[in-house]
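Undergrad: With the UniProt record's numbering as the guide, the letters of the sequence shown map in order to residues 1 to 251.
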Amino acid sequence: MPRWARGLLGALLGVLIWLGVGQLGAGALAYQPPAPRGHVNDLAKVLDPGEAQSLEAELSQVRRDHGYDLAVLILPSLDGEPIEDVAYDTFNTWGVGDASRDDGVLLVLAVAEQRVRIETGEGVGGELTDLESGRIIREQIKPLVVAGRWYEATSVGTRAITETLTGTAGPRGPPTARADEAVELTLFQQIALGLILVVVIVLAIIFPGFRRVLFWVVLVLLRSGGRGGGGGRSGGGMGGGGSSGGGGASG
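Here it is in structure tokens:
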């Protein structure tokens with residue numbers, strides 16, 4: 001392999017490391033879930049005390065009557081973090097849901113970005129599927145979020161989640177496309193990854209030895225698409241501890 005090609009390969013690998021491991025590590029350090037204070041945690045201060053108390057009472061009643069643990073986190077901003085990562089980390093740090101049943105659900109709303117995420121424990125996946133979570137966000141929560149009606153968005157969202165979990169929801173329309181759950185890359189990262197792929201493809205055509213490099217680059221790109229809610233980490237504190245996010249949807 002020519003010296004210039006080896007140098008270019010080293011530069012490309014360095015960029016991949018920066019885009020992948022470096023960015024994931026920075027994201028993990030940037031967001032720290034707040035300590036939970038009950039079921040409703042309004043860090044953005046968009047709910048008045050009466051609204052927050054009403055929601056808290058409703059979710060406490062759901063816990064007593066049906067056993068499901070629903071929590072709400074309203075943030076003023078995501079500060080550049082993917083809402084999927086914020087919801088996943090918060091869900092596991094708080095330990096939403098019973099440890100043995102993993103039956104927790106976390107509703108996250110970001111005011112500045114007008115983003116919504118429903119994070120679910122693996123124990124509720126049969127009732128509250130990712131597809132159904134996406135439908136609730138698109139049809140019921142998101143329009144109210146866009147209108148700035150945060151109390152209604154939270155109340156309607158938690159009630160829709162409860163109705164779905166308990167089997168009391170009304171008839172639904174035909175299924176629509178699954179909500180996109182991939183971690184979003186910045187424009188710069190998208191352009192950089194695209195240029196890397198083009199350069200490696202050209203080198204693979206010119207130099208057969210680069211074809212193996214092309215395979216690994218494509219593999220890295222495919223595996224860097226992000227994660228939704230998938231389990232793997234555990235935490236404690238809110239429900240019984242030990243719960244892990246098992247799915248969800250964003251909008």
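Every residue, glycine too, gets a C-beta built ideally from N, C-alpha and C. What you are looking at is a predicted structure, and each value in this text was computed from that prediction instead of being measured.
Between the beta-carbon of Ile141 and the beta-carbon of Val124, is there less than 8 Å?
TA: No.
Undergrad: Under the three-state reduction of DSSP, which class applies to Leu43: helix, strand or coil?
TA: Three-state result, Leu43: coil.
Undergrad: Strictly by DSSP, which residues pair up with Glu119?
TA: For Glu119, which the question treats as bridged, DSSP gives the partners Leu106, Gly248.
Undergrad: With C-beta atoms as the reference, is Leu78 less than 8 Å away from Glu113?
TA: Closer than 8 Å, so yes.
Undergrad: Between which two residues does the beta strand (DSSP E) containing Ala71 stretch?
TA: From DSSP, the beta strand (DSSP E) with Ala71 extends over 69-75.
Undergrad: Taking the alpha-carbon positions, what's the Val40 to Asp69 distance?
TA: C-alpha separation (whole angstroms): 11 Å.
Undergrad: Taking Val46 as the reference, give the member of Val116, Val111, Leu193, Arg115 with the closest Cα.
TA: Per the Cα distances, Val111.
Undergrad: Out of curiosity, what's the CA-to-CA distance linking Leu128 and Arg101?
TA: Near 14 Å, if we compare the C-alpha coordinates of Arg101 and Leu128.
Undergrad: Would you call the CB atoms of Thr158 and Leu75 closer than 8 Å?
TA: Against a cut-off of 8 Å, the Cβ pair of Leu75 and Thr158 comes out as no contact.
Undergrad: The ligand MG and Phe91: does the residue's C-beta get closer than 7 Å to at least one heavy atom of that ligand?
TA: As far as ligands go, the structure on display features none, and thus does not contain the ligand MG.
Undergrad: Using a Cβ-Cβ cut-off of 6 Å (strictly less than) and excluding sequence neighbours within five positions of Thr162, which residues of its own chain qualify?
TA: For Thr162, where only same-chain residues beyond five positions count, the Cβ hits under 6 Å are Val62.
Undergrad: Who are the Cβ neighbours of Ala35 in its own chain at under 7 Å, not counting the five residues just before and after it?
TA: There are no such residues.
Undergrad: Using the beta-carbon count (16 or more within 10 Å), is Thr120 buried or exposed?
TA: Result: buried.
Undergrad: What separation, rounded to the nearest whole angstrom, lies between the Cα atoms of Gly229 and Gly104?
TA: For Gly229, the predicted model reports a pLDDT of 40, less than 50, meaning its position is unreliable and no value from the coordinates is stated.
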